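Scroll down for the structure; my scribbles are underneath it.
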Amino acid sequence: MSDQTSTVTAADYPLSSRRPELLRTPSGKTLDEITLEAVLDKRVTAEDLRITPDTLELQAQIAEQTERPQMAANLRRAGELTRVPDERLLEIYAALRPGASTKPQLLSIAQELEGQYDAPVNAALVREAADVYERRDCLAADD
Amino acid sequence: MTALRAPDPQTKTSKRTAALEARPVNLDGFVDEWPEVGLVAMDSPNDPQPSIRIEDGRVVEMDGRTREQFDFLDQFIADTAIDASSAERSMAIDAVEIAHMLVDPRTPRETVLRTVRGLTPAKILAVMKTMNVVEMMMAMQKMRARRTPSNQAHCTSARDNPLQVAADAAEGALRGFDEVETTLGIVRYAPLVALGLQVGAQVGRGGVLTQCALEEATELRLGLRGLTTYAETISIYGTERVFMDGDDTPWSKAFLASAYASRGIKMRFTSGTGSEVQMGSAEGKSMLYLEIRCILTAKGAGVQGLQNGSISCIGVPGAVPAGIRAVLAENLVASMVDLEVASGNDQTFSHSDMRRTARLLMQFLPGTDLICSGYSACPNYDNMFAGSNVDCEDYDDWNTIQRDLQVDGGLRHVDEREILAVRDKAARAMQAVFEQFGLPAISDAEVEAVTYAHGSNDLPPRDVLEDLKGAQMIMDEGITGLDVVRALEAGGFRDVAESLLALLRQRVGGDLLHTAAIVGRDGEAVSAVNAPNDYAGPGSGYRPEGARWEEMKRLRHTVSPSNPEA
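So the sequence lines, in the order shown, correspond to chains A and B. Read in this note's numbering, the first sequence has 170 at position 132, and its numbers run on one by one without any break. Read in this note's numbering, the second sequence has 952 at position 186, and its numbers run on one by one without any break.
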């Protein structure tokens, strides 16, 4: 998933100013390359202004070091979701709303997250939701 | 022989009573406690007793319910928010002892955090019930995540006028707000108003974060586009029924939290006492107990922060005995679980100036990560969040209270010349951006009017239908924050373009994802990671001094040796 081997500590925060050499945009640009000139001649696009899974992993390490394990877990789930396109992300969110999906539908989303987006932690979250929704009557009625 | 009639208030009341009846506080609504429907601040006979049982590293019983009996909030909290490895130890500590740890400045913040992470909702409630508001403020002063308090503003317009929002955002940013938030009367206006907020804020001070309160999916969409730079209106609730009525579950909200983080966007959840009563399903529990369940849900989802303090439901806790104590308690509990807290004071609360100030001081005096969430930077009639506890007519009062008490509420007095300059610049920047995007023109007369305006009544009306077509065009053409950067540059506002780009660039590094992060004056992220609260009693922690204190000393009118006539 990542060939990143760096580890960081809270002393490296904020990474943007203290460890900029560790940061890249999804297309491999450095922060220094995101200049107004580059934006104007469209060498930098909206796709560049995104965080990568590697950077989210670094920030998750900082969250862990500062004793915020739940935040670290959230940032790692986020790392997986960087691979899911905007529209699909919105659709999956909608599908997780109460009464929106049947259990098979949720399980199929979990499978998609795992298979298509290499997002096993999010897949586990959706499977857990499917179980809880079944127990607490939050599933859509089977049609 | 005359017999004096016994006094009968049915036929005649005293002049003093008449004077009291006329006081604004008697326009406020008050109700007696009614625990069966949850109209009770923090002590319902139906609140559960604290309990915990751990088996194989897993919570199998919590607050009198076994796993099979858990509703979805119980399950989410038990599995994600409570540290099973320390829970039995923490739960064994007496509630009064935990309260002492909170209040005693010699017990470090970290020690408290390590204890609290093992507590159940009912136990946290038990701790809060032992504390009065002064003790809670002492605790808040230490438990707030970021070293320095900050403040957030509402910038809205009764006519959804994007130019007004831009000018008020610019002025607000200049006055010291680190976050500004808007919402709409007509939802379809959102793209233009979000644009106004974003451009105006960057004119006032580069780095001020902006958000647009909308339905969850729409709010996310604007964030993904880079038309907003944080998100806050991600509501959670303390009973299963109300959570579902809000069309979400802890799992959908946890997914949404990760979705925002996956794009490098700062976000917090929102909750507050009274929402479950207001939505009719409080299960007879106290407002604070239900809110503690929300706070732990936010913690478990891994979001960095929470907006709480009753928020739009403040009328509910405000009406019952000890309700405002409960509101402070909910802010404190959010801090105790190490979340950023944006602490309310954001909704019209009372007709009484004394009462709204007393309510405000609970957060203002100890300092929270964002004291108001937010402070109305527009007149009350323009506030589309239904009014705030404080508004732009209170700026001088706020600054004076800061100066009187030497307490930093995040704002400062700014000279008229500077205010007019940024309002004018924000309006001209909007004029340029509208022109670049081919949106309905902003006239010079509008720029002039908004520079000197107080509220939307002072502005020429815009052609709403044309504006709405323009708003639709922004969505249809997929205009992004980067397009706004380009439009600003092309329109001659290169410095504003640079500021906005710098803010959007923050997404790449993700520093703003950490607890209580804001962008400092130097453009760097300031959060609980690099500026953790180090309060440890008298002589320690953040106290306004140096340049900041000099700034706080300035008011509109002060007499001085150099200015004896003021």
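We put the beta carbon where it would ideally sit given N, CA and C, even for glycine. Note that the structure is a prediction, hence the values are computed from the model and not measured.
For the alpha helix (DSSP H) that S856(B) lies in, which residues bound it at each end?
Its alpha helix (DSSP H) spans residues A850 to M857.
Within 10 angstroms of the Cβ of N1165(B), are there 16 or more other Cβ atoms? Answer buried if so, exposed if not.
With 16 or more other Cβ atoms within 10 Å, it is buried.
Give a yes or no on contact between the stretch 837-847 of chain B and the stretch 1064-1074 of chain B, applying the rule of three or more CB pairs nearer than 8 Å.
Yes, since at least three Cβ pairs between the stretch 837-847 of chain B and the stretch 1064-1074 of chain B fall closer than 8 Å, the two stretches touch.
Could you check which residue in V965(B), D1300(B), T873(B) and L1171(B) has the C-alpha nearest to that of E1255(B)?
With distances taken between Cα atoms, E1255(B) lies closest to V965(B).
Quick one: does K889(B) have its CB under 8 Å from some CB of chain A?
Not closer than 8 Å to any Cβ of chain A, the Cβ of K889(B) fails to qualify, so no.
Could you check which residue in P64(A), Y171(A) and D175(A) has the C-alpha nearest to that of R1271(B)?
Comparing Cα-Cα distances from R1271(B) to each of P64(A), Y171(A) and D175(A), the minimum goes to P64(A).
Just the chain A side, please: which residues come within less than 8 Å of E945(B) by C-beta, in chain order?
The premise fails here: E945(B) is roughly 18 Å from chain A at the closest Cβ pair, so nothing lies under 8 Å.
Kindly say whether T45(A), judged by its beta-carbon, lies nearer than 8 Å to any beta-carbon of chain B.
Not an interface residue.
In its own chain, which residues sit with a C-beta less than 7 Å from the C-beta of E1184(B), not counting the 5 before and 5 after it?
Correct list, in chain order: L940.
Say whether chain B places a C-beta atom closer than 8 Å to the C-beta of T140(A).
Chain B contact via Cβ: absent.
In angstroms with no decimal places, state the Cα-to-Cα distance between S1052(B) and A1237(B).
Approximately 43 Å between the Cα atoms of the pair.
Taking the straight line between their C-alpha atoms, what separation do you get for T922(B) and N1299(B)?
Each residue's alpha carbon lies about 32 Å from the other.
Express the C-alpha separation of L1171(B) and P1327(B) in angstroms, rounding to a whole number.
Rounded to whole angstroms, P1327(B) to L1171(B) spans 23 Å at the Cα level.
Which two residues bound the contiguous beta strand (DSSP E) that contains K1032(B)?
Where K1032(B) is concerned, the enclosing beta strand (DSSP E) stretches over K1032 to T1036.
Can you tell me where the alpha helix (DSSP H) holding I147(A) begins and where it ends?
Note, I147(A): alpha helix (DSSP H), K141 to Y155.
Identify which residue in A1263(B), W800(B) and R987(B) has its Cα closest to the Cα of I1240(B).
I1240(B) has its Cα closest to that of R987(B), out of A1263(B), W800(B) and R987(B).
Please name the residue in F1115(B), S1209(B), M1128(B) and G1276(B) whose C-alpha comes closest to that of F1151(B).
The residue with the shortest Cα to Cα distance from F1151(B) is F1115(B).
First and last residue of the beta strand (DSSP E) that includes A1219(B)?
Premise fails: A1219(B) is in no beta strand (DSSP E) and is neither H nor E.
Spell out whether any CB of chain B is found under 8 Å from the CB atom of L151(A).
Chain B contact via Cβ: absent.
Please list, in chain order, the chain E residues whose beta carbon lies closer than 9 Å to that of L145(A).
Judged by its chain identifiers, the structure shown contains no chain E, and its protein chains are A and B.
So what does DSSP say about C978(B), is it helix, strand or coil?
Three-state DSSP puts C978(B) in a strand.
Using a beta-carbon distance cut-off of less than 7 Å, what residues from the stretch 1282-1298 of chain B approach chain A?
Residues passing the 7 Å Cβ filter: E1290, A1291, V1295 and N1296.
Give me the chain A residues within the contact set of D1014(B), using Cβ-Cβ distance strictly less than 9 Å, ordered along the chain.
The answer, in chain order, is L134, R135 and P136.
CB A997(B) to CB M1033(B), shorter than 8 Å?
Yes.
Could you spell out where the alpha helix (DSSP H) holding L163(A) opens and where it closes?
Per DSSP, L163(A) belongs to the alpha helix (DSSP H) from P158 to R173.
To which residues does DSSP link Y996(B) through a beta bridge?
BP columns for Y996(B) point to K1032(B).
Taking A967(B) as the reference, which of K1019(B), L839(B), Q1202(B) and A1195(B) has the closest Cα?
Nearest of K1019(B), L839(B), Q1202(B) and A1195(B) to A967(B), Cα basis: A1195(B).
Look at the alpha carbon of D809(B) and the alpha carbon of G830(B), and state the distance between them as a whole number of angstroms.
Roughly 17 Å between the two C-alpha positions.
Should the stretch 1012-1031 of chain B be regarded as contacting the stretch 847-863 of chain B, the criterion being three or more beta carbon pairs within less than 8 Å?
Because the criterion of three Cβ pairs below 8 Å is not met, the stretch 1012-1031 of chain B and the stretch 847-863 of chain B do not touch.
Rounded to whole angstroms, what is the Cα-Cα separation between V895(B) and E118(A)?
The amino acid at residue 895(B) is misidentified as Val; the sequence shows Lys. Rounded to the nearest angstrom, the two C-alpha atoms are 42 Å apart.
Hey, V1188(B) and V969(B): beta-carbon distance below 8 Å or not?
Taking 8 Å as the Cβ cut-off, V1188(B) and V969(B) qualify as a contacting pair.
According to DSSP, is V825(B) part of a helix, a strand, or is it coil?
The answer is strand: DSSP assigns V825(B) an E or B state.
Specify whether the stretch 1292-1306 of chain B and the stretch 910-918 of chain B touch according to this definition: at least 3 beta carbon pairs, one from each stretch, less than 8 Å apart.
A contact exists between the stretch 1292-1306 of chain B and the stretch 910-918 of chain B.
Could you check how far apart the C-beta atoms of L74(A) and L61(A) are, in whole angstroms? I think they sit under 8 Å.
In fact, because the Cβ distance is near 19 Å, the residues do not count as touching under 8 Å.
Less than 8 Å separating the beta-carbons of E1057(B) and S1078(B)?
Going by C-beta atoms, E1057(B) is not nearer than 8 Å to S1078(B).
Relative to chain B, which residues along the stretch 150-169 of chain A have a C-beta separation below 8 Å, given in chain order?
Going along the stretch 150-169 of chain A in chain order, one finds N160, L163, V164, E166 and A167 with a Cβ nearer than 8 Å to chain B.
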